[in-house]
Amino acid sequence: MRRAITIGWATSVALAGVLCSMPSDSARAEITEGIGALVSQDQYVAGIEGSTIDLSLYLQGPSALGSDAPTSILVTVHRPVTDRVAVQQAIDGDLPSTVDSMRFPIEQRDASGVVDLVIPIEIGTRTRERMQMSAAGLYPLSIGVEVDGNSVDRIITFVERLPDGLDAPAVEQSLPVALVGSVDGDVTLQADSTTTVRAADRSRVAELATIIESLPGTPLTVALRPELVEGLGRSSTEDAELLTRLQFADAPSYLSMPYVQVDPGAMADSQTNDIFIGQLRLGEDALADTLPESRPSRTAWIQTSELSATGAQFIRDLGFRSILITPAAADAGAFAGLAFADSTRKVEIELASGGFIDAVFPDPVLASRLTAASSAPPSDAYLAAQHVLAEIKALRRELDDIGQSLSGRSLILTTDDGTLMSTDLTVALADTLSSSNEVELVTLDDALSRTTVALVDGRPAAIRLPVTSQDTTGQAASSSPAEALYLTGARIDAFASMLPDGDERPAMWRRILDVLPDQRFTDAVRFAYADVVRQETEALAGQVATPASTTFTLGGRDSAIRLSLRNDSATELSVRVRLASSKLRFPEGELVVQLAPTAITSVEIPVEARSNGRFPVTVQLLTPEGQLPLTQPIVFTARVNALAGLGQVVTIMAFLLLAVWWIHHLRRRYRDRQTLVTDTTRRHPSGDSPRHDPDSDTTN
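Counting in the numbering used here, the sequence shown runs from 18 upward without gaps.
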């Protein structure tokens, strides 16, 4: 039984593009003669006499397009390779000795340039009609093109001859393999508040969409920059359609990323942890809102630069369970020069607190190969996938030779800096690996959950990092964004409190605030963004005004000051009114009032006078929150005419004395009148006086 791998989606598209662009006869001579692509091949040769290897090639050049020059394909099988080093040497052209070869004349060719070969294999005999593969093993195949007897091109691939009698590989356990990549881009929000998505960034997102659409159900792990995705929704119609493709495609396993590019280690070293925490939460929310089917997780943090112990501690405190140290990061700082021979295990990073966090190191050789293949022509993707599979097979062979099982192991495939592989390579790799029962494609979360920590002399392999990082490679020449971020944020909050609910300006200002921490910004760029907020808020402050200096007249101790405040904007604005005077008290304190749009609003402010006379009163308008000044202080004059203090006491006492005098006067007149009446009665007795009874004298 043969396990055949057919051409992947991406290679099909690339091949179709080549065929559609076939040159005219006059241009054929300018095309390089050779193998345009390995289209398909068998992965295994059964350990049974009479088996065959089927493969297809796409030939390019004059002969492939109908030249009369005799063309043939020479297939050479070399001695089996037993380890990864031998596989890598074979890929680089340093091949083992030759076992056998066969030449296939190309006599009949169709317009497509695709040639199908069936290579007969013999095991126990040796003839010219069949190619010898007497022993089981992983064989390098050299496939060359000869034109008119001259070798013009060659590719190297691999095929595994199974043990005698087997027509399918006997695999007890598959190796978990995770395909991981990140998609990043420049900040889409510009300093002038417009949105611009660079062509290269759009292309990367389009590649991600194509990969997801081409590999439905395939486990993929992606770190996608949230600000870039949000920018697609604010940009052109083309970008909006690209966003729709992402929204309707099967969601891969998304890793949590900060909103813009900020490094947790750098933030921790500069003690601005709160900025990174805000960026991480904002990024998770933005991705979940823009791609509703996504569920960003803190399975692992992808580290692409030098890492300090403080940074590792911060990553662990944020809830990340592991750190994926890319080969680019492994070449820096404390990782430089360390040989992590076993890329299928975890290591422990010592934390400042005394604990540990798990870390994984993708294989640097495979990462380098995948990086190069991502930049190669699409037609090379399928062949590169065969090379990766050959290395995985050799890795399994090495572990088996030293008596190690695959339990507790996994393999992470990514590029040097962790960026997403090209569409063609990812699709070809997924097609190739998923067709082999020696490999199980899984998410990064699944791979890490199955992987254990490597042991060195019976103890967990551990790394001690420097306390702080000294690496600034790839970062803009700028100071910490903390000061600009805090000052701009405070200004936004203050002026947003002036505006009614639903006004779009605060949201726009906060989008600017959200991108300020990007570590690629220089101080000049960061200032340009913050200056947009400053200019717009200053323009808003200029829309309100107080009256010119005047004089208030207060007619009593408790009175009110009337102010006429002007709002020249077309929006209702809220302002805080602050009055200050040494001779007046304002019982209601500072008032927040609403000013009608394009109108003058009269505001009445209660006051209490402490004395009579004329004295200054300062009036200023401020934002309701944050109390940032909107106008310069204006000095008015207050004139108080009412009595106050001691004068009021004297007046009351005078009224009391006058009342006492009148009461005393009236009572005296009353007593004098009663005395006069009594005296008059005695001098002039009336007829009603009682008469004298003479009998009373007798009785007595």
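Ideal Cβ positions, reconstructed from N, Cα and C, are used throughout, including at glycine.
Please read these numbers as outputs of a predicted model, since none were measured by experiment.
field: With 16 other Cβ atoms within 10 Å as the buried cut-off, status of arginine 426
entry: So arginine 426 counts as buried.
Buried or exposed (CB count within 10 angstroms, at least 16 for buried), glycine 282: Counting Cβ neighbours within 10 Å, glycine 282 comes out buried, since at least 16 surround it.
query: Can you tell me the Cα-Cα spacing of threonine 635 and leucine 674, whole angstroms?
result: Spanning the two alpha carbons is a distance of roughly 43 angstroms.
Assigned exposure category for alanine 329 - 16 Cβ within 10 Å defines buried: Buried, since its Cβ has 16 or more Cβ neighbours within 10 Å.
query: At what residues does the alpha helix (DSSP H) containing asparagine 724 begin and finish?
result: Residue 724 is absent from the structure shown; the chain starts at 18 and stops at 717.
- request: Take the Cβ of aspartate 531 as the centre, count every other Cβ of all protein chains shown within 10 Å, and call the residue buried at 16 or more, exposed below.
  value: By the neighbour-count criterion, in which a residue is buried when 16 or more other Cβ atoms sit within 10 angstroms of its Cβ, aspartate 531 is buried.
- request: Express the C-alpha separation of threonine 539 and serine 287 in angstroms, rounding to a whole number.
  value: Approximately 17 angstroms between the Cα atoms of the pair.
- prompt: How would you label leucine 446, buried or exposed, when you count the other beta carbons within 10 angstroms and need 16 or more for buried?
  reply: Buried, by the Cβ-count rule.
query: Which residues bound the alpha helix (DSSP H) around serine 222?
result: Rather than serine, the amino acid found at residue 222 in this sequence is valine. 216-231 is the span of the alpha helix (DSSP H), which, as asked, contains valine 222.
- prompt: Taking 8 angstroms as the cut-off, is the CB of valine 444 close to at least one heavy atom of the ligand ADP?
  reply: Within the structure as shown, the ligand ADP is missing, as the structure has no ligands at all.
Reference glycine 372, options Asp397, Arg362, Arg338, closest by Cα: Of the candidates Asp397, Arg362, Arg338, Arg338 places its Cα closest to the Cα of glycine 372.
message: If you reduce the DSSP assignment to three classes, tell me which class arginine 627 lands in.
response: In the structure shown, arginine 627 sits in coil (DSSP, three-state: anything other than H, G, I, E or B).
- prompt: Hey, leucine 458 and alanine 195: beta-carbon distance below 9 angstroms or not?
  reply: It is a contact, given that the beta carbons lie within the stated cut-off.
query: Where do the ends of the alpha helix (DSSP H) carrying glycine 718 lie?
result: With the chain running from 18 to 717 in the structure shown, residue 718 is simply not present.
Proximity to isoleucine 480 [Cα-Cα], best of Gly336, Gly519, Ala326, Thr615: Closest by alpha carbon: Ala326.
- request: Take the Cβ of serine 231 as the centre, count every other Cβ of all protein chains shown within 10 Å, and call the residue buried at 16 or more, exposed below.
  value: By the neighbour-count criterion, in which a residue is buried when 16 or more other Cβ atoms sit within 10 angstroms of its Cβ, serine 231 is buried.
- request: Tell me whether proline 97 is buried or exposed, calling it buried when 16 or more other Cβ atoms sit within 10 Å of its Cβ.
  value: Per the 10 Å Cβ criterion, buried.
task: Compare the C-beta of threonine 144 with all C-beta atoms of chain D and state if any pair is closer than 9 angstroms.
output: You won't find chain D in this structure, because it holds only one protein chain.
task: Can you have a look at asparagine 717 and say buried or exposed, based on whether 16 or more other CB atoms are within 10 angstroms of its CB?
output: Reliability of the predicted coordinates at asparagine 717 is poor, the pLDDT of 41 falling under 50, and the value obtained from them is presented with this limitation in mind. Counting the other Cβ atoms within 10 Å of the Cβ of asparagine 717 gives fewer than 16, which makes it exposed.
task: Determine the DSSP secondary structure at serine 706, reduced to helix, strand or coil.
output: Since pLDDT at serine 706 reaches only 47, below the 50 mark, its modelled position is unreliable, and the value read off the structure follows with that caveat. Collapsing the DSSP output to three states places serine 706 in coil.
- prompt: Taking the beta strand (DSSP E) that leucine 580 falls in, what are its first and last residues?
  reply: Under the DSSP assignment, leucine 580 falls in the beta strand (DSSP E) whose first and last residues are 575-584.
- prompt: Going straight from the alpha carbon of proline 517 to that of proline 523, what length do you get?
  reply: The alpha-carbon atoms of proline 517 and proline 523 are separated by roughly 10 angstroms.
query: Rounded to a whole number of angstroms, what is the C-alpha to C-alpha distance between methionine 18 and leucine 308?
result: In this predicted model, methionine 18 has a pLDDT of only 36, less than 50, meaning its place in the structure is not dependable; the value taken from the coordinates is given anyway. Going from the Cα of methionine 18 to the Cα of leucine 308 covers about 44 angstroms.
query: To the nearest angstrom, how far is it from the Cα of glutamine 552 to the Cα of threonine 436?
result: In a straight line, the C-alpha of glutamine 552 is about 38 angstroms away from that of threonine 436.
Three-state secondary structure (DSSP) of proline 243: Helix, per DSSP.
task: Check whether the Cβ atoms of valine 239 and proline 269 lie closer than 9 angstroms to each other.
output: In contact: valine 239 and proline 269 (Cβ atoms closer than 9 angstroms).
- prompt: Which of the three DSSP states, helix, strand or coil, is assigned to leucine 387?
  reply: Per DSSP, reduced to three states, the secondary structure at leucine 387 is helical.
- prompt: Should the region 642-661 be called in touch with the region 611-618, which here means at least 3 C-beta pairs below 8 angstroms?
  reply: Fewer than three pairs of CB atoms, one per stretch, sit closer than 8 angstroms, so the region 642-661 makes no contact with the region 611-618.
task: Round the Cβ separation of valine 200 and leucine 225 to the nearest angstrom and send it over; I've been treating them as touching at under 8 angstroms.
output: Confirmed, about 5 angstroms.
- prompt: What's the gap between the Cα of leucine 482 and the Cα of glutamine 536?
  reply: Each residue's Cα considered, the two are about 22 angstroms apart.
- prompt: CB leucine 249 to CB leucine 260, shorter than 9 angstroms?
  reply: Yes; because the gap between Cβ atoms is below 9 angstroms, this pair is in contact.
- prompt: Among the residues of its own chain, which have a CB less than 6 angstroms from the CB of aspartate 170, if the five just before and after it don't count?
  reply: So the qualifying residues of the chain are Gly51, Ile52, Val162.
query: Taking C-beta to C-beta, are glutamate 607 and leucine 596 nearer than 9 angstroms?
result: Contact: yes.
message: Out of Ala398, Gly67, Ala411, which one is the CA nearest neighbour of alanine 103?
response: With distances taken between Cα atoms, alanine 103 lies closest to Ala411.
- prompt: If you follow the alpha helix (DSSP H) that lysine 363 is part of, which residue opens it and which one closes it?
  reply: For lysine 363, no alpha helix (DSSP H) segment is defined; the enclosing uninterrupted segment is the beta strand (DSSP E) at 363-367.
- request: Verify whether the separation of the beta carbon atoms of leucine 612 and leucine 461 is less than 9 angstroms.
  value: With contacts defined by Cβ atoms closer than 9 angstroms, leucine 612 and leucine 461 do not form a contacting pair.
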